[in-house]
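Novice: Chains as they are written, first to last, in our numbering: chain A, 224 to 452; chain B, 246 to 542; chain C, 665 to 974. Glycine included, C-beta positions come from ideal geometry on N, C-alpha and C. Questions regarding the structure given below will be posed in turn.
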């Protein structure tokens with residue numbers, strides 16, 4: 224009975240014992256990112272917004288320390304979500320001044336993660352709150368939620384493979400809020416083909432998603448400042 | 246028949262009023278191009294509304310020749326019926342007014358042939374107008390603004406949306422749209438021609454055609470359920486903008502445009518049938534009336 | 665001499681107005697046929713029916729032995745016409761106008777053919793000028809050239825001298841005579857002036873209010889020795905039957921209470937004798953006036969004075 228109890232206790236407590244301090248975890252995540260001074264990544268962006276019927280775009284993502292990031296469409300016209308700048312985690316983490324709160328554990332796509340809430344120390348910061356979901360073993364950020372003053376809230380989910388050692392994802396799914404889109408009346412003279420459109424899902428209508436799948440990164444080879452203009 | 250058509254085209258070509266239409270089209274296209282070259286961004290921002298708060302868009306790339314042409318056609322295809330009426334409305338009444346009608350009708354050519362030849366000549370004129378429109382609105386715009394993907398701002402019922410068509414998927418849509426417009430404008434030509442048979446000067450049928458087009462367009466754009474259901478489907482003006490159907494690209498469930506597709510081909514096809522029906526009926530009445538008419542001018 | 669045009673019982677009714685009423689006449693090949701009547705008598709309506717511009721209400725038109733209604737194209741290929749004003753495409757040159765109408769008539773056009781035609785009407789030098797720069801007389805001549813370009817057998821000219829100055833009228837007269845005598849064309853020419861018809865036509869018809877007044881050879885109809893005699897008898901029908909078999913049957917007509925005869929004045933006593941001998945009770949017998957006076961009375965209907973009998 225005693226042995227049984229002790230086993231139970233060990234089972235319950237041991238993960239807590241194995242856990243590192245959340246601050247340490249964030250630090251190692253930061254260190255991993257610090258390996259990257261700049262990069263240029265080629266990817267394909269799929270935008271999923273109710274009112275936008277746009278094709279998959281080939282995009283180039285440029286990054287330069289400390290927090291400069293630019294998404295450019297390689298070819299043709301693209302709608303680039305404005306908050307996309309935050310796909311660079313650095314924008315959250317480079318800011319030294321924040322308070323970390325350990326928010327326990329969770330799972331992202333079946334991967335066990337630690338949850339950390341980051342509160343910027345600067346009251347005027349655009350970011351109000353960031354929640355990071357960090358895989359403990361690899362110190363990779365699997366998911367991030369950011370709430371901003373000006374640009375609403377975003378959510379990022381990242382999948383890693385080839386560039387995991389640099390903390391760079393192969394795929395990110397970026398979710399954001401969009402406003403309703405209504406064309407001004409009487410400017411389009413549309414052809415009414417008699418078809419009735421499917422009723423718009425109001426909730427869906429206000430959420431947008433952009434998926435970028437990266438095919439290659441060029442890391443620490445220098446990026447011209449001109450691209451960020 | 247061919248030599249009669251040649252004669253008819255020669256007569257049209259020799260009249261100064263024929264060229265008014267070409268000058269007007271070039272002028273409208275040029276004014277648009279000038280205005281949008283100077284300040285296309287504010288138009289785009291108007292169309293984008295709140296979208297620009299959530300998205301970055303390269304306005305310069307968006308404001309390309311294909312997009313420009315779409316804007317010009319949007320306006321121009323509302324005015325062009327007047328230009329078509331200018332020639333088709335004059336077809337019979339102009340000859341009556343000049344006194345040449347009684348002369349051509351004493352020639353061994355049947356009245357049906359005369360109507361058909363004049364109608365054919367009006368169609369050729371219309372097609373030439375559209376070719377000219379393609380040159381001024383499309384090719385000149387491409388020269389001035391360059392080519393890129395095209396954005397279509399569309400209201401579908403209560404829903405607004407932005408469609409993007411990739412650069413390599415646009416040209417055939419324009420060709421199809423111009424071909425559709427040729428059919429739509431031929432209805433106007435047939436209407437003007439019918440009115441032309443009744444008149445002894447060309448002003449009457451030209452103005453009457455324009456008035457009918459305006460009244461029907463107003464009705465076509467009214468949002469009254471009973472009219473929507475019972476009147477609009479039979480009004481040719483409801484189908485004048487059908488050319489846009491070629492730019493309504495079909496999308497996957499995810500909202501990805503499918504290259505080379507049209508969302509509602511059936512609607513375009515039905516529009517074409519209705520327009521062709523109008524042409525057949527109007528032309529039929531024209532021939533019937535003209536064959537029976539006593540020429541007193 | 666064969667019949668080229670035969671019009672039988674032709675009528676045209678415009679919304680209750682009888683423009684042409686049961687009109688019959690015949691034009692022979694080689695005739696210069698005068699179509700005489702005051703304005704509004706139905707000349708133009710008749711001519712337009714001959715050219716298929718107006719559909720007859722009833723009656724038959726037979727050209728070259730063929731019904732016009734069924735053989736329109738064939739008939740019109742052999743016919744040239746100037747209807748009222750010689751309206752042409754003003755914004756085109758004389759040459760272009762001729763070219764267009766030659767084509768429409770189904771003629772294989774050559775430059776020479778067109779220039780010859782312009783030469784005929786004296787416009788060769790203005791071949792390239794636009795018609796809007798032409799005088800009325802030049803337009804009229806070009807109109808004739810258009811009517812002639814396809815070498816028709818029959819030429820129909822509706823009031824060809826309207827609006828022309830005296831020189832123009834003289835030219836037109838000469839041209840018509842040239843067409844008839846030199847080129848052997850049959851010409852139907854309408855006019856409201858008897859003097860004009862008298863100078864060019866060999867046969868003529870006079871119509872009034874859509875009805876035929878008289879038809880015949882001009883020289884006979886206008887012979888000053890001839891007169892119209894109005895006869896009133898106790899039994900007009902019997903007298904009419906009797907006269908039909910007499911030598912005065914030409915131009916005999918029964919209208920109202922009178923029998924009209926066109927006859928030599930000198931024959932009046934003989935007529936009276938014959939009627940008496942046949943037992944016809946004569947109530948009155950008087951020569952009214954000559955055809956010319958009669959026509960003038962029609963054309964002057966507005967300020968009509970009872971013509972003096974002769």
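1. Any beta carbon from chain C within less than 8 angstroms of residue 260 (chain B)'s own beta carbon?
2. Just tell me which of C:857, C:851, C:873 and C:828 has its CA closest to the CA of residue 867 (chain C).
3. Taking Cβ positions, are residue 684 (chain C) and residue 698 (chain C) nearer each other than 8 angstroms?
4. Within 8 angstroms (strictly less), CB to CB, does residue 470 (chain B) reach chain C?
5. Quick check on this structure: which residue in C:733, C:832, C:890 and C:927 has the alpha carbon closest to the alpha carbon of residue 907 (chain C)?
6. In whole angstroms, give me the CA-to-CA distance for residue 314 (chain B) and residue 303 (chain B).
7. Of all Cβ atoms in chain A, is any one closer than 8 angstroms to the Cβ of residue 407 (chain B)?
8. Per DSSP, which one or two residues make a beta bridge with residue 678 (chain C)?
9. I want to verify the contact list: residues of chain B whose CB lies under 8 angstroms from the CB of residue 281 (chain A), in sequence order.
10. Which residues in the same chain have their Cβ closer than 6 angstroms to the Cβ of residue 358 (chain A), if we skip the five residues on either side of it in sequence?
11. Can you tell which of B:442, B:520, B:260 and B:387 has the C-alpha that lies nearest to the C-alpha of residue 275 (chain B)?
12. In the DSSP assignment, what are the bridge partners of residue 311 (chain B)?
13. List the DSSP bridge partners of residue 691 (chain C).
14. Once you ignore the five residues that flank residue 382 (chain A) on each side, which residues in its own chain have a CB closer than 7 angstroms to its CB?
15. Counting only Cβ-Cβ distances shorter than 8 angstroms, please list the residues of the segment 337-351 of chain B near chain C, keeping chain order.
16. Assuming residue 867 (chain C) is part of the beta strand (DSSP E), what are its boundary residues?
17. For chain B, check one thing: does any of its Cβ atoms lie closer than 8 angstroms to the Cβ of residue 452 (chain A)?
18. Can you check whether the C-beta of residue 277 (chain B) is within less than 8 angstroms of a C-beta belonging to chain A?
19. On the DSSP bridge list, what partners appear for residue 284 (chain A)?
20. Could you tell me which of A:263, A:322, A:281 and A:298 sits nearest to residue 448 (chain A), measuring between CA atoms?
21. With 16 other CB atoms within 10 Å as the buried threshold, where does residue 465 (chain B) fall?
22. Less than 8 angstroms between CB atoms is the rule here; does residue 296 (chain B) satisfy it with respect to chain A?
23. Quick one: which chain C residues come within Cβ less than 8 angstroms of residue 540 (chain B)?
24. On the premise that residue 327 (chain B) lies in contact with residue 486 (chain B), defined as a C-beta separation below 8 angstroms, what is that separation, rounded to the nearest angstrom?
25. How long is the line joining the alpha carbons of residue 883 (chain C) and residue 916 (chain C), rounded to whole angstroms?
26. How is residue 497 (chain B) classed by DSSP in three states: helix, strand or coil?
27. Does residue 799 (chain C) come within less than 8 angstroms of chain B when only Cβ atoms are used?
28. Kindly indicate the opening and closing residues of the beta strand (DSSP E) around residue 353 (chain A).
29. Exposed or buried, residue 540 (chain B), counting other C-beta atoms within 10 Å across all chains shown (16 or more means buried)?
30. Within the continuous beta strand (DSSP E) that includes residue 338 (chain A), where are the two ends?
31. Helix, strand or coil, according to DSSP, for residue 480 (chain B) in the structure here?
32. So the candidates are B:254, B:246 and B:516; which of them puts its Cα closest to the Cα of residue 372 (chain B)?
33. Indicate whether at least one CB of chain B lies closer than 8 angstroms to the CB of residue 435 (chain A).
34. By Cβ distance, which residues of its chain are closer than 6 angstroms to residue 432 (chain B), with the 5 residues on each side in sequence left out?
35. Whole angstroms are fine: how far does the CA of residue 248 (chain A) sit from the CA of residue 326 (chain A)?
36. I want to verify the contact list: residues of chain A whose CB lies under 9 angstroms from the CB of residue 299 (chain B), in sequence order.
Specialist: This is what the structure holds:
1. yes
2. Residue C:851 is the option with its Cα nearest to residue 867 (chain C).
3. No; because the gap between Cβ atoms is not below 8 angstroms, this pair is not in contact.
4. no
5. Measuring C-alpha to C-alpha distances from residue 907 (chain C) to each of C:733, C:832, C:890 and C:927 identifies C:927 as the nearest.
6. 18 angstroms
7. yes
8. For residue 678 (chain C), which the question treats as bridged, DSSP gives the partners C:681.
9. Residues of chain B passing the Cβ test: none, with the nearest at roughly 11 angstroms.
10. 334, 336 and 365
11. Of B:442, B:520, B:260 and B:387, the residue nearest in Cα terms is B:387.
12. Bridge pairing for residue 311 (chain B): absent [DSSP].
13. Residue pairing by DSSP puts residue 691 (chain C) in a beta bridge opposite C:669.
14. 392, 393 and 394
15. 343, 344, 345, 347, 348, 349, 350 and 351
16. Here the beta strand (DSSP E) through residue 867 (chain C) covers 867-872.
17. For residue 452 (chain A), no CB of chain B lies under 8 angstroms from its own CB, so it is not counted at the interface with that chain.
18. no
19. A:264 and A:294.
20. Considering only alpha carbons, the answer is A:263.
21. buried
22. yes
23. 712, 717 and 718
24. Contact doesn't hold; Cβ gap of about 16 angstroms is too wide.
25. 18 angstroms
26. coil
27. no
28. 350-358
29. buried
30. The continuous beta strand (DSSP E) containing residue 338 (chain A) extends over residues 334-343.
31. coil
32. B:254
33. no
34. 481, 520, 523 and 524
35. 13 angstroms
36. 272, 302, 304, 305, 306, 374, 375, 399, 400, 401, 402 and 431
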